[in-house]
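In order, the protein sequence lines correspond to chains Z and L. The numbering used here numbers the first residue of the first sequence as 27 and each following residue consecutively. The numbering used here numbers the first residue of the second sequence as 27 and each following residue consecutively. Built from N, CA and C at the ideal position, the CB exists for glycine as well. Note that the coordinates shown come from a computational prediction; the quantities given were computed from them, not determined experimentally.
Protein chains: 2
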Amino acid sequence: MPAGRPRNFDVDKALDCALQLFWRHGYEGTSLSMLTEAMGINVPSLYAAFGNKETLFRKALEWYLESPASYMANALKEPTARRVAEKVMSGSIELATHPNNPGGCLLVQGAMAASPEGAPIRHTLSQVRAAGEAAMRQRFERAKREGDLPASADAARLARFVMTMNCGFAVQAAGGASRSQLKEVAKIAMQCWPS
Amino acid sequence: MPAGRPRNFDVDKALDCALQLFWRHGYEGTSLSMLTEAMGINVPSLYAAFGNKETLFRKALEWYLESPASYMANALKEPTARRVAEKVMSGSIELATHPNNPGGCLLVQGAMAASPEGAPIRHTLSQVRAAGEAAMRQRFERAKREGDLPASADAARLARFVMTMNCGFAVQAAGGASRSQLKEVAKIAMQCWPS
DNA sequence: GGAATAATATAGTAATTGATAAATAATTTT
DNA sequence: AAAATTATTTATCAATTACTATATTATTCC
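Shown next, in the form of structure tokens:
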């Protein structure tokens, strides 16, 4: 145990509270007073533990990607491109409509509608989305080499299609669409998958 | 001409300036000082002419729906359901990626990421999106009666599918996706259209 | 037990938010 | 020309924003 007065709050739990707020209200829609109240700490403790609001958001984003949004990495491990696409969409829908979570997706929720001061965060989030799309593209290229996607298929376009669906799910879920409604939509989307 | 000192600004032009800002930055991301600077008027004039920030947004929204977003109403007039879906998606993409416009769609951009104070606006915008989806559903039901959609098709699901694509286009465009990239995505989406 | 260390609590910073009050200027009506 | 009406200007309002300085409390090291 390090010298000095010990923390009387759990950093990981506090970070999870912050994530919930950012997820629901976006970066700029979440104020420090909302954060400190939900995290159960006061402002100087927040700054001591997390730097400032922006670094707190970035830490919450990291945690989001490695835990609630880990469905993406898992989906890429599926054996065929079709099943990858199905898993990405169902994972995205389940995340965006889980009753314990705020509706939608942090990467979408946090990225829209921001004053000029929020531009760096917005930029980071669209980069993260682009990275997900690129990972899918590479996975689909592998599928072409492995033969479970026809050689005529365009990996980049298919990845963009799935990511566009994902963004659409996030908006629809934030607007109140139900899980079963979005699953029906995903089923329709899979009907155009090349076989 | 009414009695009293005449306005020395054009209300419609000022409203259009406000729309540009709300479109780009969302409701809460746009401040009164940004508005007055862009509109070329000072605060009391804004309040006298438009009420307050919220009614100004609602007037900008009305203007948005009847002018830049009129593609939806026009698309519904197409003779077949397939062409309706094609037109809705291409209209949405062109709006969201037009070089003179802010990227994305006001209905999406303004609806995400908001503090609790912005809830009424967020609610209004998701209602407007739901209204568009309902209009499409009715149009597709008519198409079933007219025979250009098979009786087995589900009008509500198809409408939700197209609206989900639209929301996805808006997010992707706001994140920098190009018009041609999104048109390719729309082409893929149309491959699953029932015929 | 005393010094060093680190967290918390209280209070307060300058800047910005949406919104207004009072005074002034420009019209039409009579 | 005077009164009535309406817009603009200037200044300001209380509340909130992200953030910090100071003082206090709790712990470990020596």
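| Asked | Found |
| --- | --- |
| Fully enclosed by the stretch 159 to 206 of chain L, which alpha helix (DSSP H) runs are 4 residues long or longer? | 181 to 200 |
| If we count Cβ pairs, one from each stretch, closer than 8 Å, do we get three or more for the stretch 126 to 140 of chain Z versus the stretch 44 to 53 of chain Z? | yes |
| Going by DSSP, what residue range makes up the alpha helix (DSSP H) through Z/Ser59? | Leu58 to Met65 |
| Name the two residues that bound the continuous alpha helix (DSSP H) containing L/Phe35. | Taken as a continuous stretch (DSSP letters only), L/Phe35 belongs to no alpha helix (DSSP H), as it is neither H nor E. |
| Going by beta carbon distance, what residues of the same chain come within less than 8 Å of Z/Val69, once the five residues before and after it are set aside? | Leu58 and Thr62 |
| Between the C-alpha atoms of Z/Ala64 and Z/Met115, what's the straight-line distance to the nearest angstrom? | 31 Å |
| Cα separation between L/Gly229 and Z/Val188? | Look at the range of chain L in this structure, 27 to 221, and you will see that residue 229 of chain L is not part of it. |
| Taking CB distances under 8 Å as the criterion, tell me whether L/Glu210 reaches chain Z. | yes |
| So, does the CB of Z/Thr190 fall closer than 8 Å to a CB anywhere in chain L? | yes |
| So that I know if they touch, is there some Cβ in chain Z lying closer than 8 Å to that of L/Ile214? | yes |
| By DSSP, does L/Leu102 sit in helix, in strand, or in coil? | coil |
| Anything in chain L within Cβ reach of Z/Arg165, meaning under 7 Å, just list it in chain order. | Chain L residues near Z/Arg165: none, gap ~17 Å exceeds 7 Å. |
| Which chain Z residues are close to L/Phe195, counting only those with a beta carbon under 7 Å from its beta carbon? | Thr190 |
| Using a Cβ-Cβ cutoff of less than 7 Å, which residues in the same chain neighbour Z/Leu208 once the five nearest sequence positions on both sides are dropped? | Ile119, Thr123, Phe195, Gln198 and Ala199 |
| Please return the same chain residues whose Cβ sits closer than 7 Å to the Cβ of Z/Trp219, not counting the five positions on each side in sequence. | Arg108 and Ala111 |
| Taking the alpha carbon of Z/Ser152 as the point to measure from, which residue in Z/Glu172, Z/Glu167, Z/Gln164 and Z/Cys131 has its own alpha carbon closest? | Z/Cys131 |
| Taking 8 Å as the CB-CB limit, is L/Phe83 close to chain Z? | no |
| What number of angstroms, rounded off, separates the C-alpha of L/Arg33 from the C-alpha of L/Ala160? | 41 Å |
| Give a yes or no on whether 8 Å exceeds the smallest Cβ distance from L/Arg33 to chain Z. | no |
| For a test of the three-state rule: what should DSSP assign to L/Tyr53, helix, strand or coil? | coil |
| Taking the C-alpha atoms as reference points, what is the distance between Z/Met60 and L/Arg148? | 19 Å |
| Are any of the Cβ atoms in chain Z nearer than 8 Å to that of L/Ala177? | no |
| In whole angstroms, give me the CA-to-CA distance for L/Arg205 and L/Asn127. | 13 Å |
| Applying the criterion that 16 or more other CB atoms from any shown protein chain within 10 Å of the CB defines a buried residue, is L/Glu92 buried or exposed? | exposed |
| Between L/Arg155 and L/Leu102, is the Cβ-Cβ spacing less than 8 Å? | no |
| Confirm, please, whether the CB-CB distance from L/Ala86 to L/Val37 is below 8 Å. | no |
| In chain L, which residues lie with their C-beta within 9 Å of the C-beta of Z/Ser141? | His51, Gly52, Glu54, Gly55, Thr56, Ser57 and Met60 |
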